[in-house]
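Protein sequences, first through last, are from chains A and B. Sequential numbering of the first sequence, starting at 4, is according to the working numbering. Sequential numbering of the second sequence, starting at -11, is according to the working numbering. This report refers to the structure that appears directly beneath it.
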Amino acid sequence: MVSDRSRRITLNYDIPEVYQIELETNASGRIKTASVISQFAYREIGHLVKERYSNPNDALYVVERICGICSHSHTLAFCCAVEKALGTEVPPRAAYIRSIVAELERLQSHLLNLVETATQLRENLLEKELWSVRQAVTSWLLTVTANRIHYGVNCIGGVTRDLKEGDRRILQRELPNLMSLISDIERGFKDVSQPRLQDLGVWTPPLQGEYGTGPNQRAYGWSHDIRIDMPYAAYAQVKFDPPIGEKGDAWSRVLIRLRELEVSCYLLRDLLHHLPRGELTVGELPSLVDAAEATVSVEAPRGENRYILKLSADGTVADLEIHVPTRNSVRGLEKALQGNDVDDTKLVVSSFDLCMSCYDGP
Amino acid sequence: MASGIQIRLLNLGSCNGCDVEILDLLHRDNRLALVGKGRGADVLLITGSLTRRNVTRLSDIRMKISVPILFVGACAISGGLFAPSEGDIERIIQISGCPVFYVFGCPPLPEDIADAIEKAMKKEVGSGVRS
Chain A
4 MVSDRSRRIT LNYDIPEVYQ IELETNASGR IKTASVISQF AYREIGHLVK
54 ERYSNPNDAL YVVERICGIC SHSHTLAFCC AVEKALGTEV PPRAAYIRSI
104 VAELERLQSH LLNLVETATQ LRENLLEKEL WSVRQAVTSW LLTVTANRIH
154 YGVNCIGGVT RDLKEGDRRI LQRELPNLMS LISDIERGFK DVSQPRLQDL
204 GVWTPPLQGE YGTGPNQRAY GWSHDIRIDM PYAAYAQVKF DPPIGEKGDA
254 WSRVLIRLRE LEVSCYLLRD LLHHLPRGEL TVGELPSLVD AAEATVSVEA
304 PRGENRYILK LSADGTVADL EIHVPTRNSV RGLEKALQGN DVDDTKLVVS
354 SFDLCMSCYD GP
Chain B
-11 MASGIQIRLL NLGSCNGCDV EILDLLHRDN RLALVGKGRG ADVLLITGSL
39 TRRNVTRLSD IRMKISVPIL FVGACAISGG LFAPSEGDIE RIIQISGCPV
89 FYVFGCPPLP EDIADAIEKA MKKEVGSGVR S
């Protein structure tokens, strides 16, 4: 006779991020309920910006440090929000450079998550290959931005650093190599992980947009992408179709990220090819006559990153609300884990690509 | 660098920037290995400004440390942007009397972290690596 005794299990994650997942399982080892416990990296960033770093130029430096993986998407959202509130637009060259860095960031972020998935699958060779590709991308970021983690490229009204003609040529020359490496990786993943990940951790969010956008949502057929729906930076100038999945299982989520790597490469090719000449900043910023408000979303590597900003009449930040994509992913993960075997938990978690410093930071 | 160095990484509330750079270093140099909780390590790497929830985690481990400690990045060294954070990590750690090393930067380069680990292994007490 099968016992109906349930068990409580706490999984501790401490490298590189610190969080816990509490699971309640039934007698056969199936998960009944799951909850993510966090707040280990809670740094009150919204409050800190309001109280101590209310000058937008200082605040930019703080929001960059919300996350060490997708720092550019935070500064981009913040800059776009301030620029929208001030009623100004950045010059075309600056917009293109912002998009180029955003796509390079997406590449390194997705590759980092795929490394984690390969580690969970115990595929050491694949993990090493992925990391070497990621190292190539971070070296490009170093070339373009002179930084590897916090790029410091965005400033209110433009960008701080130009893309030199020589660097642009290097990137254009290296892109085809990266594309062929990515198709090798995709083949490698298909061979080793498709059977393991299929039908695992299925998340079928209602297709009404309440969970925002992101690769996890697109893995179940949500066809929206902020870069297309509400284009920012230079995304209105390029055309692409975001990859869409069907099943919403762990394999779909991995596959979507692999396909997004390809899409980012195509976007980079187009952006580098059409990079216009011109100014890097708008110069003198317009001053406010009254308090202003702006809401801006950008498509961070993990999904919709929404900044709701209020500026006082003197131009300082009166309020800042940050909605990070991991909020939606955590809700999805808690649902997706239900009914799964407890042994597969780490695989399902890695397929969701949580970023706890984004989740906790604000 | 000396062979077979076991590293314990303690994230006390970082943005993951330093942690990702440490992972990068581990992939570059296969003589370094990350060890989990409860295993013997040769060096302790601390990242992040001390957040409220991590205060208890830190005080749980502080009496058990008997290896060199590396403070990696501005947040771990001084609290960085978030100073004053929930407490002075160094003051809490110093009780155990372990040699302390600093790796400056936000975040530091993997090469600088490697240099500091090497110095820590040679017990060059008091030296810091500046990036």
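C-beta atoms are modelled at their ideal positions from N, C-alpha and C, and glycine is treated no differently.
Apart from sequence neighbours up to five positions away, the residues of its chain that approach Thr36 of chain A with a beta-carbon distance below 6 Å are Glu27, ordered along the chain. Look at Ser360 of chain A: its C-beta is under 8 Å from a C-beta on chain B. Scanning its chain for C-beta atoms nearer than 6 Å, with the 5 sequence neighbours on each side dropped, one finds no residue around Gly24 of chain B. For the set A:Asp293, A:Val156, A:Leu323 and A:Arg280, the Cα lying nearest the Cα of Leu89 of chain A is the one of A:Asp293. Taking a contact as a CB-CB distance under 8 Å, the pair Asp252 of chain A and Gly32 of chain A does not count as one, their CB atoms being some 19 Å apart. Secondary-structure assignment with DSSP links Gly306 of chain A through a beta bridge to A:Ala303. Excluding the 5 residues flanking it on each side, Thr148 of chain A has same chain C-beta neighbours closer than 8 Å at Val104, Tyr154, Gly155, Val156 and Arg164, in chain order. At a Cβ-Cβ threshold of 8 Å, Leu133 of chain A and Leu117 of chain A count as neighbours.
Trp206 of chain A is not a Cβ neighbour of Thr216 of chain A, given a cutoff of 8 Å. Within chain A, no residue has its CB atom less than 9 Å from the CB of Asp48 of chain B, the nearest being about 12 Å off. Taken through DSSP and simplified to helix, strand or coil, Val91 of chain B comes out as strand.
Within the region 218 to 282 of chain A, the complete alpha helix (DSSP H) runs of at least 4 residues fall at 218 to 221, 229 to 232 and 253 to 276.
When rounded, the separation of the alpha-carbon atoms in Ala316 of chain A and Asn(-1) of chain B is 39 Å.
Annotation: Arg305 of chain A to Gly85 of chain B spans about 42 Å, alpha carbon to alpha carbon. Counting only the Cα atoms, Arg280 of chain A lies some 32 Å from Ile311 of chain A.
In the three-state DSSP reduction, Leu115 of chain A falls in the helix class (H, G or I).
Within the DSSP secondary-structure output, Gln23 of chain A pairs in a beta bridge with A:Asn15 and A:Ile40. Collapsing the DSSP output to three states places Cys158 of chain A in a strand. Scanning its chain for C-beta atoms nearer than 6 Å, with the 5 sequence neighbours on each side dropped, one finds around Gln123 of chain A the residues Lys349, Leu350 and Ser353, in chain order. When the alpha-carbon of Ser332 of chain A is set against those of A:Ser102, A:Asp347 and A:Tyr214, the nearest one is in A:Tyr214. The region 50 to 66 of chain A and the region 266 to 275 of chain A do not touch, with fewer than 3 CB-CB distances between them shorter than 8 Å. When the Cα atoms are used, Arg172 of chain A and Val140 of chain A turn out to be separated by approximately 15 Å. Of A:Arg46, A:Glu108 and A:Phe81, the smallest CA-CA separation from Ile72 of chain A is found for A:Glu108. Ile105 of chain B and Val31 of chain B have their alpha carbons spaced roughly 8 Å apart. Within chain B, no C-beta atom comes nearer than 9 Å to that of Asp273 of chain A; the closest sits roughly 28 Å away. For Ala21 of chain B, the pairing in a beta bridge is given by DSSP as B:Gln(-6). Taking C-beta atoms as the reference points, Cys3 of chain B and Ile69 of chain A count as a pair closer than 8 Å. With a threshold of 8 Å between beta carbons, Cys70 of chain A makes contact with chain B. One thing to note: Ile101 of chain B has its Cβ no nearer than 8 Å to the Cβ of Val43 of chain B.
Against chain B, the beta carbon of His153 of chain A has neighbours under 9 Å at Cys3, Gly5, Cys94 and Pro95, listed in chain order. One thing to note: Leu314 of chain A has its Cβ within 8 Å of the Cβ of Ala295 of chain A.
The C-beta of Pro289 of chain A has fewer than 16 other C-beta atoms within 10 Å across all chains shown, which makes the residue exposed. When 7 Å is used as the limit between beta carbons, Ile18 of chain A is near these residues of chain B: Leu(-3) and Leu22, in chain order. With contacts defined by Cβ atoms closer than 8 Å, Arg41 of chain B and Tyr45 of chain A form a contacting pair. Taking the beta carbon of Leu115 of chain A as reference, the chain B residues within 9 Å of it are Val8 and Leu11, listed in sequence order.
Against chain A, the CB of Phe70 of chain B has a partner CB under 8 Å away; the residue lies at that interface.
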